[in-house]
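For reference, the structure discussed in these notes is given below.
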Amino acid sequence: MAKTKVTHSCQSCGAQFPKWSGQCTGCGEWNTLVEEITKAASHPRYQGYSVGDPEITQMIEVTLDEDTRLGSGLEELDRVLGGGLVMGSVVLIGGDPGIGKSTLLIQTLCYLSQQLKVLYVTGEESLQQVTLRARRLGLPEDKLLLLADTQVERILKLAQQEKPRVLVVDSIQTMHTDLLQSAPGAVGQVRESAAQLVKFAKQTGTALFLVGHVTKEGTLAGPRVLEHMVDTVLYFEGEQDSRHRVIRAVKNRFGAVNELGIFAMTEKGLREVSNPSAIFLSRYENPVSGSVIMSTKEGSRPLLVEVQALVDQSHMANPRRVCVGLESQRLAMLLAVLHRHAGIVTYDQDVFVNVVGGVRITETGSDLALLLAVLSSLRNRPLPQDLIVFGELGLAGEIRPVQGGQERLREAAKHGFKNAIVPSANAPKGKLGDMQVLAAQSLQEAVDYFKSF
Ligand code: TYD
Ligand code: MG
């Protein structure tokens with residue numbers, strides 16, 4: 000009998016302790032330690048990327064394999080992967096239930112199965128369900144290999160025999176390994192199952208997709224550790240009721256992060272949106288107050304996105320600040336800047352801010368647009384519909400330049416925008432078509448422009 004070992008691991012951060020306690024000293028969460036029993040046999044733990052006997056090498060002697068990037072059949076997916084799928088890499092795809100993870104992967108795999116041997120392991124749906132969906136979507140299904148199983152050792156044994164070049168495991172939370180006795184979905188199980196799958200991928204050069212669930216807070220269920228083990232982490236964003244789905248690379252060892260891939264969910268599955276710059280705009284008949292279009296740059300593409308604000312008299316001691324698609328902390332800070340540097344008070348107002356279309360904006364270049372939307376709602380004064388805004392705000396009330404200013408302006412001009420408020424360091428030297436560009440150095444200047452409309 001192999002000796003067993005008892006550890007307690009935190010379901011929130013993955014830290015391990017020999018003894019149980021009420022609070023995790025790693026992350027400070029309460030009641031998150033769960034007992035895990037491990038067989039202390041020779042443990043095939045994840046050991047980083049080493050195949051064979053390691054030795055010290057001079058960098059100059061390292062030979063590079065030809066960059067074997069595999070087109071996934073969806074250009075938008077290739078874009079977030081950094082130009083295609085790298086053989087031997089491990090990609091984690093996270094997202095809310097029902098957002099389209101399985102749909103994306105079945106589409107990709109059916110496409111890839113035409114050139115390579117690929118295996119789709121499902122732990123959530125039956126073989127009939129997977130097949131039904133592929134048929135309904137009219138995908139080329141003749142060469143796709145399927146397996147419905149949740150036991151990692153068995154899956155890997157079959158994978159070793161079949162030798163697929165691309166492997167999908169949907170989802171990692173349903174997998175379990177014999178090494179641990181805890182239930183599937185527990186942190187330890189997720190971590191160990193992933194470790195074994197990752198090791199298999201690295202040793203055999205198989206490209207591996209892992210599907211991961213997200214918690215209510217929007218992070219991957221299971222420990223953060225999962226993100227460290229894989230090469231690429233992709234997140235699905237977007238609202239269930241909106242048609243558009245955004246995939247964001249939050250970590251990528253083979254490409255740029257924060258790159259976005261944009262899809263639309265249709266009755267024929269996920270379709271790429273190859274020219275997405277204007278899909279996040281809602282066009283009104285007449286200008287409305289509280290709405291500002293910003294030109295943002297997430298990843299390598301400029302996007303025109305509408306931000307809406309509603310400012311309303313508050314009846315609470317602590318007025319509400321609610322953000323959808325932007326950071327609430329940042330909103331609180333910006334409102335303070337608005338007060339100190341432009342003398343506009345909102346401490347007796349509830350402030351709600353929303354980014355249209357369910358896209359999440361992470362860059363600070365959205366600051367100025369957000370404040371102008373707040374101001375427009377507060378004063379109940381619409382801004383022109385052909386105005387675009389971008390710029391970052393500093394705590395001293397200065398407006399800082401953003402990266403890719405010219406590109407953002409050109410994109411807006413292409414879509415017929417005629418006015419712009421931008422940081423003065425981003426103002427174009429020459430003329431930009433018939434666009435009137437107002438350059439602002441400070442928040443006060445931007446507020447003066449606002450008054451002039
Ligand atoms: P799914 O890929 O099963 O989600 P996940 O694996 O992330 O949980 O997506 C299911 C959702 O997508 C479901 O709400 C229905 C919708 N959908 C369509 O609108 N059109 C389609 O062609 C398909 C396959 C799904
Ligand atoms: Mg699914």
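In this text, residue positions in the sequence shown follow numbering that gives the first Met the number 0: the first is 0, and each later residue adds one.
Note that CB positions come from ideal geometry on N, CA and C, so glycine has one too.
Residue i Cβ short of 6 Å to the ligand MG heavy atom set
i    : result
K100 : yes
Residue i Cβ short of 6 Å to the ligand TYD heavy atom set
i    : result
P96  : yes
M174 : no
G268 : yes
R132 : yes
M264 : yes
Residue i - DSSP class collapsed to helix/strand/coil
i    : result
R409 : helix
Q46  : Reliability fails at Q46, whose pLDDT of 47 lies under 50, so the model's placement of it is uncertain and the value that follows must be treated cautiously. Residue state, collapsed to three classes: coil.
T363 : helix
P275 : helix
V350 : strand
T107 : helix
I171 : helix
A419 : strand
P138 : One point to set straight first is that residue 138 is Leu, not Pro, in the sequence displayed. Of the three classes helix, strand and coil, the one that applies to L138 here is coil, per DSSP.
S375 : helix
G396 : coil
E161 : helix
C52  : As written in the sequence, residue 52 is Asp, which differs from the Cys given in the question. In the structure shown, D52 sits in coil (DSSP, three-state: anything other than H, G, I, E or B).
T130 : helix
D311 : strand
I154 : helix
Y283 : coil
S41  : For S41, the predicted structure reports a pLDDT of 47, less than 50, and the residue's modelled location is therefore unreliable. A value from the coordinates is still provided. If DSSP states are grouped into helix, strand and coil, S41 belongs with coil.
M293 : strand
E60  : helix
V336 : helix
V355 : helix
K116 : coil
K18  : coil
Q435 : strand
E34  : strand
T176 : coil
G368 : Gly is not the amino acid found at residue 368; the sequence shown has Ala there. Helix at A368.
E305 : strand
G93  : strand
S441 : strand
V186 : helix
K428 : coil
Presumed contact (8 Å Cβ cut-off) between residue i and residue j, rounded CB distance
i    : j    : result
V232 : V249 : 5 Å
V189 : Q172 : 6 Å
E75  : F199 : That belief does not hold up - the Cβ atoms of E75 and F199 are roughly 28 Å apart, past 8 Å.
I98  : G324 : Actually they are not in contact, since the Cβ atoms of I98 and G324 sit about 15 Å apart, beyond 8 Å.
A341 : L442 : 5 Å
V79  : L259 : 7 Å
F452 : M434 : Contact doesn't hold; Cβ gap of about 15 Å is too wide.
L103 : Y119 : In fact, because the Cβ distance is near 12 Å, the residues do not count as touching under 8 Å.
E406 : E362 : Their Cβ separation, rounded to whole angstroms, is 13 Å, which puts E406 and E362 out of contact at 8 Å.
S288 : S181 : With a Cβ gap of about 54 Å, S288 and S181 do not count as contacting.
Cβ-heavy atom distance, residue i to the ligand SAM, below 6 Å
i    : result
E161 : No copy of the ligand SAM occurs in the structure displayed; its ligands are the ligand TYD and the ligand MG alone.
Test: residue i CB closer than 7 Å to a CB of chain C
i    : result
S170 : No chain C appears in this structure, which consists of one protein chain only.
Discussion item. Closer than 8 Å is the cut-off here; do at least three beta carbon pairs connect the stretch 114–128 with the stretch 81–98?
Written reply: no
Worksheet item: Counting Cβ pairs, one atom from each stretch, are 3 or more of them under 8 Å apart for the stretch 314–321 and the stretch 277–285?
Response: no
Item to complete: Counting only runs of 4+ residues fully inside the stretch 188–267, write out the alpha helix (DSSP H) ranges in chain order.
Response: 224–228
Worksheet entry | At least 3 beta-carbon pairs within less than 8 Å: the stretch 161–181 vs the stretch 196–208 | yes
Item to complete: Please confirm if the stretch 16–27 is in contact with the stretch 53–71, defined as three or more CB-CB distances below 8 Å between the two stretches.
Response: no
Worksheet item: Are the stretch 1–12 and the stretch 147–164 in contact at 8 Å, needing three or more beta carbon pairs?
Response: no
Worksheet item: Is the stretch 331–346 close to the stretch 289–307, with three or more CB pairs under 8 Å?
Response: no
Discussion item. Below 8 Å, how does it come out for the stretch 343–358 and the stretch 384–404: are there three or more Cβ pairs, yes or no?
Written reply: no
Worksheet entry | Contact the stretch 347–355 vs the stretch 299–313: 3+ CB pairs below 8 Å | yes
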